[in-house]
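FYI, UniProt numbering numbers position 248 of the sequence shown as 248, with every residue one higher than the one before it. For glycine and all other residues, C-beta sits at the position ideal for the given N, C-alpha and C.
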Amino acid sequence: MEALRALRSVSVVWRPGLGSSARRRDAGFGTEARKRKDLVEDQPFPGLLRAENLGLEELAQVLRAAVVDQKGRPGELTLLSVLPWLSQALGLEHQELQVVRAPGKEASGLVLLSSCPQTTSHLQKFFTHSRRAQRPTATYCAITDGVPEPSEGTVHIALRLERMDGIDLAVPVTSPSRKDIQEGVKRTLSHFHVTATGCGCALVQLQPLTVFPSQLQVHMALQLCPILGDHTYAARVGSVLGQRFLWPAETTKPQRQVLDEALLRYLHLSPSQVAQMPLHLHLHRLLLPGTRPRDPPSELLAPLPPYFSRTLQCLRLSQQ
Numbered sequence: 001m002e003a004l005r006a007l008r009s010v011s012v013v014w015r016p017g018l019g020s021s022a023r024r025r026d027a028g029f030g031t032e033a034r035k036r037k038d039l040v041e042d043q044p045f046p047g048l049l050r051a052e053n054l055g056l057e058e059l060a061q062v063l064r065a066a067v068v069d070q071k072g073r074p075g076e077l078t079l080l081s082v083l084p085w086l087s088q089a090l091g092l093e094h095q096e097l098q099v100v101r102a103p104g105k106e107a108s109g110l111v112l113l114s115s116c117p118q119t120t121s122h123l124q125k126f127f128t129h130s131r132r133a134q135r136p137t138a139t140y141c142a143i144t145d146g147v148p149e150p151s152e153g154t155v156h157i158a159l160r161l162e163r164m165d166g167i168d169l170a171v172p173v174t175s176p177s178r179k180d181i182q183e184g185v186k187r188t189l190s191h192f193h194v195t196a197t198g199c200g201c202a203l204v205q206l207q208p209l210t211v212f213p214s215q216l217q218v219h220m221a222l223q224l225c226p227i228l229g230d231h232t233y234a235a236r237v238g239s240v241l242g243q244r245f246l247w248p249a250e251t252t253k254p255q256r257q258v259l260d261e262a263l264l265r266y267l268h269l270s271p272s273q274v275a276q277m278p279l280h281l282h283l284h285r286l287l288l289p290g291t292r293p294r295d296p297p298s299e300l301l302a303p304l305p306p307y308f309s310r311t312l313q314c315l316r317l318s319q320q
């Protein structure tokens, strides 16, 4: 497993592109936040560092500081565009870093990189075999608006990508035919488990067993419990007299997530700050193959970004 590197969570958000997020001291959680004073209307979302405020070299240094495991020798801003700078910062000379595993473009969490083609191939085979055997290798933490019922289960739904207003959106497909599958419809599967509840929200552990864009966001919306900060699929969940229902996905356009007044008070946020709320979906745990074929898998863990921890505290959700 030479030349393998993993990044912990960095509270950096960039759109579009592969998402990652890096822990950062202070990050908006000072005395004022602890005293829960009223927030200024135009204040950015607490604990969130935006990548557009950084240059490539600065971002490379942030990512370098976020490396939690390193084996081997030491235009549009995306993770891919910063890899050459990160490679230099890690002293890899002319070796090219490749992204082996990363969360979705708006999620935070572990990013697995490799500068060795053999290691990359070995890891990809491990992830592929694990999916076929329905053994989850990735565990995400999510905070949902609403509490899933039941508290544990699976979501198994076919999805396809549909272009709406210049955006590719994941849309459920009922009873897909063989032709649908051949034309890009994919059966998706995720496990979910509620680990804590409070203030009408839930801390949920998610384990995808398939790979599809925005799979976990769509699956939680189908449970009528969209993930906090989901400004794409939360609009599919409507409410009448306190009862939630699903709007037709094909006719529902993405829009800023709307939170009720009680939840805003718990979070100490103004309505305008909700528009800047990052997606509370974090790749927390990743299994890797053991050193030898018979060895059990090893694991990498990424700490939560500051904004995620702040939300847990505001909602009185205890991380398990």
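- For Cys225, which residues of its own chain have a beta-carbon under 6 Å away from its beta-carbon, when the five flanking residues on both sides are left out? Within the sequence shown, residue 225 is the residue found at index 225, counting from 1. Around Cys225: Thr144, Gly146, Pro148.
Worksheet item: Is DSSP giving Arg135 helix, strand or coil here?
Response: Residue numbering aside, residue 135 sits at position 135 when the sequence shown is read from its first letter. Reduced to three states, the DSSP call for Arg135 is coil.
*asked:* For Pro208 and Pro293, I'd like the C-alpha separation in whole angstroms.
replied: By one-based count along the sequence shown, residue 208 stands at place 208. By one-based count along the sequence shown, residue 293 stands at place 293. Each residue's Cα considered, the two are about 24 Å apart.
Give a yes or no on contact between the stretch 154-161 and the stretch 183-190, applying the rule of three or more CB pairs nearer than 8 Å.
yes
### Message
Restricting to runs no shorter than 4 residues, where is the alpha helix (DSSP H) found entirely within the stretch 108-186?
### Response
117-132, 178-182
Between the CA atoms of Lys253 and Arg36 - distance to the nearest angstrom
Looking up residue 36 in the sequence shown gives position 36. Looking up residue 253 in the sequence shown gives position 253. Annotation note: pLDDT 35 at Arg36 (below 50); position unreliable, coordinate value reported separately. Distance between the alpha carbons of Arg36 and Lys253 is about 34 Å.
Quick check: the Cα distance between Thr119 and Leu267, rounded to an integer number of angstroms? Along the sequence shown, one-based indexing puts residue 119 at 119. Along the sequence shown, one-based indexing puts residue 267 at 267. Distance between the alpha carbons of Thr119 and Leu267 is about 43 Å.
> When DSSP labels each residue in this structure, what does His231 get in the three-state scheme?
Replying inline: In the sequence shown, residue 231 corresponds to position 231, counting from 1. Correct three-state label for His231: coil.
(Q) Please return the same chain residues whose Cβ sits closer than 8 Å to the Cβ of Leu39, not counting the five positions on each side in sequence. (A) As a working note, residue 39 is residue 39 in the sequence shown. Low confidence applies to Leu39: its pLDDT is 36, below 50, so where it sits in the model is not reliable, and the reading given next is rough at best. Pro46, His268, Leu269, Ser270, Gln273.
For this session: Classify Thr137 as buried or exposed, calling it buried when 16 or more other Cβ atoms lie within 10 Å of its own Cβ.
Result: The residue labelled residue 137 in the question sits at position 137 within the sequence shown. Burial call: buried.
Notebook entry, point to check: Considering only residues of the same chain and omitting the five flanking positions on each side of Pro176, which have a CB-CB separation below 6 Å?
Noted result: For the purposes of this step, residue 176 is identified with residue 176 of the sequence shown, where counting begins at 1. Excluding sequence neighbours, Pro176 sits near Ala158, Val185.
In angstroms with no decimal places, state the Cα-to-Cα distance between Ser190 and His280. Looking up residue 190 in the sequence shown gives position 190. Looking up residue 280 in the sequence shown gives position 280. If I take the Cα positions, the gap works out to 17 Å.
**Asked** Arg316 to Phe192, Cα distance in whole Å?
**Response** Start at 1 with the first residue of the sequence shown, and residue 316 comes out as number 316. Start at 1 with the first residue of the sequence shown, and residue 192 comes out as number 192. Each residue's Cα considered, the two are about 20 Å apart.
Could you check what DSSP says for Cys314 in three-state terms: helix, strand or coil?
Along the sequence shown, read from residue 1 onward, the residue named residue 314 stands at position 314. Cys314: helix per DSSP, three-state reduction.
Determine the direct distance from the alpha carbon of Leu169 to that of Val194, and round the result to whole angstroms. The residue labelled residue 194 in the question sits at position 194 within the sequence shown. The residue labelled residue 169 in the question sits at position 169 within the sequence shown. Straight-line Cα distance between these residues: approximately 26 Å.
| query | Based on the DSSP output, what are the partners of Pro208 in its beta bridges? | reply | As a working note, residue 208 is residue 208 in the sequence shown. The partner list for Pro208 (beta bridge, DSSP) reads Ser190.
Review point. Going by the CB atoms, is the gap between Leu312 and Gly109 shorter than 8 Å?
Key: As a position in the sequence shown, residue 109 is number 109, starting the count at 1. As a position in the sequence shown, residue 312 is number 312, starting the count at 1. Taking 8 Å as the Cβ cut-off, Gly109 and Leu312 do not qualify as a contacting pair.
field: Residue of Phe245, Gln223, Ser214, Ser239 minimising C-alpha distance to His231
entry: As a position in the sequence shown, residue 231 is number 231, starting the count at 1. Comparing Cα positions, the closest option is Ser214.
Next item on the list: Please determine, among Val111, Thr128, Thr154, the residue with the shortest C-alpha to C-alpha distance to Gln98.
Entry: Translated into positions along the sequence shown, residue 98 becomes position 98. Nearest option by C-alpha distance: Val111.
- Taking buried to mean at least 16 other C-beta atoms within 10 Å of its own C-beta, is Ser151 buried or exposed? Position 151 of the sequence shown, counting from 1, holds the residue named residue 151. So Ser151 ends up on the exposed side.
I'd like the list of long-range same chain contacts for Pro248, defined as Cβ closer than 7 Å, with 5 residues on each side in sequence excluded.
Locating residue 248 in the sequence shown gives position 248, where the first residue counts as 1. No residues qualify anywhere along the chain.
- request: Determine, using beta carbons only, whether Arg256 and Leu246 come nearer to each other than 8 Å.
  value: What you label residue 256 is simply residue 256 of the sequence shown in a count that begins at 1. What you label residue 246 is simply residue 246 of the sequence shown in a count that begins at 1. No, these two residues do not count as a Cβ contact at 8 Å.
Original post:
Looking only at C-alpha atoms, which of Leu222, Val211, Gly200, His219 sits nearest to Arg265?
Top reply: Counting from 1 along the sequence shown, the entry for residue 265 is found at position 265. Minimum Cα distance to Arg265 is reached at Gly200.
* To do: Check whether the Cβ atoms of Val155 and Leu222 lie closer than 8 Å to each other.
  => Indexing the sequence shown from 1 puts residue 155 at position 155. Indexing the sequence shown from 1 puts residue 222 at position 222. Contact flag set, yes.
Since residue 338 is in the alpha helix (DSSP H), which residue starts that stretch and which ends it?
-> With the chain covering only 1 through 320, there is no way to say anything about residue 338.
(message) Quick check on the DSSP output: the alpha helix (DSSP H) that includes Ser272 runs from which residue to which?
(response) Along the sequence shown, read from residue 1 onward, the residue named residue 272 stands at position 272. Segment 271-274, the alpha helix (DSSP H) holding Ser272.
Quiz item: Going along the chain, which residues of its own chain have a beta-carbon closer than 6 Å to the beta-carbon of Thr197, five neighbours each way excluded?
Solution: Start at 1 with the first residue of the sequence shown, and residue 197 comes out as number 197. So the qualifying residues of the chain are Val147.
Problem set entry | Inter-residue spacing [alpha-carbon to alpha-carbon] between Ser114 and His122 | To locate residue 114, count along the sequence shown from 1; it is residue 114. To locate residue 122, count along the sequence shown from 1; it is residue 122. Distance between the alpha carbons of Ser114 and His122: 11 Å.
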